[in-house]
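Okay, so here's the structure we're looking at.
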Amino acid sequence: MSVYLSLLLLGLVLLQYLWLLFRLQRHFRVHVTQKKPDAALPEVSLLLPARNEEQMLPACLEALDRLDYPLDKLQILLGNDNSTDRTGAMMEAWAATRPHVQVVHVPAYTVEGAFQNGKAAALATMARQAKGDVYLFTDADCQVPPTWARHMVLGLRQSAAGYLTGVTRVRPNGLWARLQGVDWWLTLGFMKVLDDLSISITSMGNNMAITADAYKRVGGFEKVKFALTEDFAVAAAIRQAGYAGRHEVQPEVCIETAPKPGFFSLLRQRKRWMSGAIGLPFYWLALLGLQVLYYPAWLVLLFFHPALALGIGGLSSCFKAIFSAPLPGGRALYCRLST
Numbered sequence: 001m002s003v004y005l006s007l008l009l010l011g012l013v014l015l016q017y018l019w020l021l022f023r024l025q026r027h028f029r030v031h032v033t034q035k036k037p038d039a040a041l042p043e044v045s046l047l048l049p050a051r052n053e054e055q056m057l058p059a060c061l062e063a064l065d066r067l068d069y070p071l072d073k074l075q076i077l078l079g080n081d082n083s084t085d086r087t088g089a090m091m092e093a094w095a096a097t098r099p100h101v102q103v104v105h106v107p108a109y110t111v112e113g114a115f116q117n118g119k120a121a122a123l124a125t126m127a128r129q130a131k132g133d134v135y136l137f138t139d140a141d142c143q144v145p146p147t148w149a150r151h152m153v154l155g156l157r158q159s160a161a162g163y164l165t166g167v168t169r170v171r172p173n174g175l176w177a178r179l180q181g182v183d184w185w186l187t188l189g190f191m192k193v194l195d196d197l198s199i200s201i202t203s204m205g206n207n208m209a210i211t212a213d214a215y216k217r218v219g220g221f222e223k224v225k226f227a228l229t230e231d232f233a234v235a236a237a238i239r240q241a242g243y244a245g246r247h248e249v250q251p252e253v254c255i256e257t258a259p260k261p262g263f264f265s266l267l268r269q270r271k272r273w274m275s276g277a278i279g280l281p282f283y284w285l286a287l288l289g290l291q292v293l294y295y296p297a298w299l300v301l302l303f304f305h306p307a308l309a310l311g312i313g314g315l316s317s318c319f320k321a322i323f324s325a326p327l328p329g330g331r332a333l334y335c336r337l338s339t
């Protein structure tokens with residue numbers, strides 16, 4: 001019985017892959033259809049919260065220095081979220097020579113009683129000082145490409161959305177990182193396919209743009225202070241307010257994030273994600289559930305029928321490899337994440 005159930009689950013996962021490939025090949029939507037001169041670009045506030053990120057922060061800040069966006073229209077807010085290492089000092093030193101950069105020192109949890117999520121508290125504190133028409137969000141363990149800010153803003157404006165999500169690539173530092181990368185782009189693949197069907201599910205807080213109008217209308221992160229996944233919650237609030245969400249998958253908005261160093265840190269991240277996913281629609285939970293059950297089902301089949309399990313595993317790997325191949329018109333899906 002367990003073998004038949006495993007075969008059923010594995011078959012459904014392979015059908016998922018076929019459906020994803022079909023949708024991405026035939027119905028892929030691009031939200032930036034025309035470039036704009038600097039004069040037509042809106043003012044932007046970029047929010048970067050960090051807690052004890054002295055190891056990751058230098059590379060992140062170097063990437064921000066290379067952004068192709070008019071400095072007179074760019075405000076960068078660096079949030080020192082109660083760090084106990086050199087994060088705050090590094091932020092202050094970097095901001096000292098850049099007039100468009102401001103360091104926000106989050107109070108030592110004067111907000112703790114009101115917020116269940118420390119990151120949401122930091123973002124709420126920072127957003128009170130944001131002056132732009134568009135808010136951009138990323139994390140200290142990420143590196144954005146020079147095109148990121150401009151393309152995110154254009155995608156947000158040209159799609160007439162309340163929020164826009166970019167695409168994330170896990171830095172491929174070894175096998176463990178590459179496995180995490182596969183997990184990332186499968187999840188983002190489902191998000192992109194559903195978004196192109198006009199079913200926006202959520203956003204990713206390390207690569208997100210929100211219009212100031214949408215953010216203020218829903219009350220910002222103060223209104224989702226009890227959520228463990230602040231990006232899921234604020235995206236849901238924006239959709240409930242009548243705004244659309246869009247997902248842009250192009251190299252111009254492909255950021256790199258650091259892989260989780262070990263199994264338990266990855267497990268904590270996934271647990272946090274799943275807590276946010278509980279409130280998602282049934283069909284989304286079903287898609288995620290099949291992915292979660294894939295490896296247990298494969299191990300059961302490997303025990304009883306090794307040859308069949310290896311064959312299915314090989315077929316699954318072929319599907320995953322196809323995902324990183326160029327799409328029609330030269331679009332490289334997920335920025336060739338498997339390279």
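Note that the UniProt record's numbering has the sequence shown beginning at 1, numbered continuously upward.
Beta carbons: idealized from backbone N, C-alpha and C, even for Gly.
A quick note: this is a predicted structure, and the numbers were derived from the prediction, not measured.
Asked                                                                                                                                 : Found
Segments assigned beta strand (DSSP E), at least 3 residues, entirely inside the UniProt domain "Glycosyltransferase 2-like" (45-180) : 74-80, 101-105, 134-138, 163-165, 167-170
Exposed unless 16 or more other CB atoms sit within 10 angstroms - verdict on P261                                                    : exposed
N52: CB within 7 Å of a non-hydrogen atom of the ligand ADP                                                                           : This structure simply doesn't include the ligand ADP, nor any ligand for that matter.
Ranges of the beta strand (DSSP E) found wholly within the region 202-272, counting only runs of at least 3                           : 207-211, 245-247, 254-257
Expected contact under 8 Å - CB spacing of P259 and W176 to nearest Å                                                                 : 7 Å
Whether V144 touches L64 by CB criterion (8 Å)                                                                                        : yes
Buried versus exposed call for N207 [16 or more other C-beta atoms within 10 Å across all chains shown]                               : buried
Residue nearest to F120 in terms of C-alpha spacing, selected from S2, I255, G219                                                     : Just to set this straight, residue 120 is Ala in the shown sequence, not Phe. Considering only alpha carbons, the answer is G219.
C-beta contact flag for A309 and R246 at 8 Å                                                                                          : no
Through-space distance from S200 to D230, alpha-carbon basis                                                                          : Reading the sequence as shown, one finds Glu at residue 230 and not Asp. About 16 Å.
Reduced DSSP secondary structure (H/G/I, E/B, other) of V300                                                                          : helix
Cβ-Cβ distance between R51 and S2 below 8 Å                                                                                           : no
Sub-8 Å separation of L41 and Q75 beta-carbons                                                                                        : no
8 Å contact criterion, which V104 and A212 should meet: CB distance rounded                                                           : About 17 Å separates the two Cβ atoms, so there is no contact after all.
Assigned exposure category for A286 - 16 Cβ within 10 Å defines buried                                                                : exposed
Reduced DSSP secondary structure (H/G/I, E/B, other) of S2                                                                            : helix
Three-state secondary structure assigned by DSSP to K192                                                                              : helix
Sequence-distant residues of its chain with Cβ nearer than 6 Å to R217 (five each side left out)                                      : A241
Classification of F221 by the beta-carbon crowding that lies within 10 angstroms, buried from 16 upward                               : buried
Alpha-carbon to alpha-carbon, E53 and P146                                                                                            : 22 Å
Close beta carbons around P306, own chain, < 7 Å, minus the five adjacent residues each side                                          : none
Through-space distance from V224 to L327, alpha-carbon basis                                                                          : With a pLDDT of only 40 at L327, under 50, the local geometry of the prediction cannot be trusted, and the value read off the model is given with reservation. Near 38 Å, if we compare the C-alpha coordinates of V224 and L327.
6 Å CB neighbourhood of residue 395 in its chain, flanking five on each side removed                                                  : Residue 395 falls outside the range modelled here, since the chain spans only 1 to 339, and no answer is possible.
Cα-Cα separation, E112 to L136                                                                                                        : Since pLDDT at E112 reaches only 47, below the 50 mark, its modelled position is unreliable, and the value read off the structure follows with that caveat. Each residue's Cα considered, the two are about 24 Å apart.
Proximity to P37 [Cα-Cα], best of R239, L9, R150                                                                                      : R150
Selected residue, minimal CA-CA separation from L154, among Q250, Y215, M204, L71                                                     : Q250
F28 (DSSP reduced to helix, strand or coil)                                                                                           : coil
Cα-Cα separation, residue 340 to I255                                                                                                 : Any question about residue 340 goes unanswered here, given that the chain covers just 1 to 339.
Exposure label - R157; buried when at least 16 CB within 10 Å                                                                         : buried
Assigned exposure category for Q180 - 16 Cβ within 10 Å defines buried                                                                : buried
C-alpha distance - S316 paired with Q16, whole-angstrom precision                                                                     : 11 Å
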